[in-house]
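*Asks:* Sharing a structure here in structure tokens format.
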Ligand code: DHB
Ligand code: FE
């Protein structure tokens, strides 16, 4: 049976791609951010995942505002990266795992989620930057991926409660997969940030800290807020924290299982964003 070995949740700020390309990891501006990934990579070397289920939001690359599913899951043999407009370098293609993808799709559709299935899919910085932080320079990628995409860019958005339920269903699907695979769940986006409009630059440290703490002991805490309330509290892009929530729900398949924090960091700001990082593993 497949095993969910842990969850990594991280911000996915576009400028990370450029910083990696230019080798700025040890510059004073970037160091506090990049340094957080050292313990994650040490853990990965021991935990040896075979596949990463990446829960993220597309930013206008694979989907645009004219046709925008609420939930989409990749079922492609291969995912190429492309730049949706930030002028960041592309990365080597990711191998897919179509068999696991279809297992997850069948399972979550069987639980009454309406999913868009993507047998071709391009992935943007929300997949590529976190993957490059976990496996820097070490391409070709040592893992395959299954992308799970959630609309956080154009209202109406799915509620935090619905994102939690989706993550839980994805977790149950992984746990019921008959092949012997070690699965890492990743959630990318957030934490608080707003890129444009009157509140551009908005960050809410207090809320971010409360949210991160809730993921350990009280993971449904944030589901009491509506999407409009979450935009008020975290910024119009801060709502990407729902991808962290979905990954956390997947980790214990929506059940009451305990988790422990392996490492976490929180650094403000990277570009316009409160950059958070958290690695959780299930307690047997
Ligand atoms: C930034 C934040 C994001 O969530 C993103 O997708 C791209 C850029 C930023 O802070 O610059
Ligand atoms: Fe984003």
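In this note's numbering, the protein residues as written are 2 to 285. For glycine and all other residues, C-beta sits at the position ideal for the given N, C-alpha and C.
Residues bridged to residue 126 by DSSP?
*Replies:* BP columns for residue 126 are empty, so no partner.
*Asks:* Is any heavy atom of ligand 2 found at a distance shorter than 8 angstroms from the C-beta of residue 127?
*Replies:* Yes, Cβ of residue 127 sits closer than 8 angstroms to a heavy atom of ligand 2.
*Asks:* Using 10 angstroms around the beta-carbon of residue 63, count the other beta-carbons present and answer buried if the total reaches 16, otherwise exposed.
*Replies:* Classification of residue 63: buried, given that the 10 Å Cβ count is 16 or more.
*Asks:* Once you ignore the five residues that flank residue 123 on each side, which residues in its own chain have a CB closer than 6 angstroms to its CB?
*Replies:* Once the five neighbours on either side are set aside, the close Cβ partners of residue 123 are 62, 63, 81, 83.
*Asks:* How should residue 130 be labelled, buried or exposed, when 16 other C-beta atoms within 10 angstroms of its C-beta is the threshold for buried?
*Replies:* So residue 130 ends up on the buried side.
*Asks:* Among the residues of its own chain, which have a CB less than 7 angstroms from the CB of residue 76, if the five just before and after it don't count?
*Replies:* Excluding residues within five positions, the ones whose Cβ falls inside 7 angstroms are 99, 102, 103, 106, 118, 119, 120.
*Asks:* If you drop the 5 nearest sequence neighbours on each side, which residues of the same chain put their C-beta closer than 6 angstroms to that of residue 240?
*Replies:* So the list reads 153, 231, 232, once near-sequence residues are dropped.
*Asks:* Which runs of the alpha helix (DSSP H) spanning at least 4 residues fall entirely within the stretch 56-143, listed in chain order?
*Replies:* Segments of the alpha helix (DSSP H) lying fully in the stretch 56-143: 99-111, 126-135.
*Asks:* Assuming residue 170 and residue 207 are in contact, meaning their beta carbons sit under 8 angstroms apart, how far apart are those beta carbons, in whole angstroms?
*Replies:* Their Cβ separation, rounded to whole angstroms, is 31 angstroms, which puts residue 170 and residue 207 out of contact at 8 angstroms.
*Asks:* When you compare the CB positions of residue 41 and residue 184, do they come within less than 9 angstroms of one another, or not?
*Replies:* No, these two residues do not count as a Cβ contact at 9 angstroms.
*Asks:* Put residue 145 into one of helix, strand or coil per three-state DSSP.
*Replies:* If DSSP states are grouped into helix, strand and coil, residue 145 belongs with the strands.
*Asks:* Given that a residue counts as buried once 16 or more other Cβ atoms are within 10 Å of its Cβ, and exposed if not, what is residue 186?
*Replies:* Per the 10 Å Cβ criterion, buried.
*Asks:* By alpha-carbon positions, which one of 272, 281, 147, 285 ends up nearest to residue 34?
*Replies:* Checked all of 272, 281, 147, 285; the closest Cα to residue 34 is 272.
*Asks:* Counting only the same chain and skipping the five closest in sequence on each side, list residues whose C-beta sits under 6 angstroms from that of residue 276.
*Replies:* Taken in chain order, the residues that qualify are 12, 34, 268.
*Asks:* Can you name, in chain order, every residue of its own chain whose Cβ lies under 7 angstroms from the Cβ of residue 260, other than the five neighbours on each side?
*Replies:* Excluding positions up to five away in sequence, the list reads 217, 252, 253, 281, 282, 283, 284.
*Asks:* Under 9 angstroms between the Cβ atoms of residue 226 and residue 150?
*Replies:* Contact: no.
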